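Start counting at 1 in the sequence shown, then tack on 2, and there's your number in this note's numbering.
Ideal Cβ placement from N, Cα and C applies to all residues, glycine included.
The structure presented is a predicted model; accordingly, all values stated were derived computationally and were not measured.
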Amino acid sequence: MTRSLLIALLIAPFALQASDAFAGYSGPGVGAVVTTAAQARQQRDDQPVILRGTLAAKLGHERYRFTDASGDIEVEIDDDDIAGYRVGAGTVVELHGKVDTHRFKPTDVDVDHVAVMAPR
């Protein structure tokens, strides 16, 4: 009996760990939590982030200044990702993307998904 109990105790951690390998969903909301602009500037490269705030200005082709209560950060939004939305300076948006660090430029965020939040 002690031998089978010992085997069960040795196998249990591996069985519990294997269940994570079969998890299927890996879209928005997994691996990222709502982050402020100030926090995003301090993250490592390719760290998933979710930003909630406003697009204060268009800086150039597919480049915007995102602003929230903590400050601002430059974001890159593909035209395809923002097409169909009417976004003004006061429109609250939620941006899903990844931090993009550079050697000689400030950190920015490469946005993969844009959601316009309902006004409160």
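Would a check of beta-carbon distances place residue 70 closer than 9 Å to chain C? Here chain C cannot be found, since the structure has a single protein chain.
Chain-order list of residues whose beta-carbon lies under 8 Å from that of residue 120 (same chain, five-residue window excluded): Within the same chain, residue 120 has no close Cβ partners at all.
Which whole-angstrom value is the C-beta distance of residue 75 and residue 110, which I expect to be below 8 Å? Indeed they touch by this definition, with Cβ atoms about 6 Å apart.
Along the chain, which unbroken stretches of the alpha helix (DSSP H) at least 4 residues long are found entirely within the segment 57-109? Runs of the alpha helix (DSSP H) spanning 4 or more residues and lying entirely within the segment 57-109 occur at 81-84, in chain order.
For residue 57, count neighbouring C-beta atoms within 10 Å of its own C-beta (all shown protein chains included) and say buried if the count is 16 or more, exposed if not. Per the 10 Å Cβ criterion, buried.
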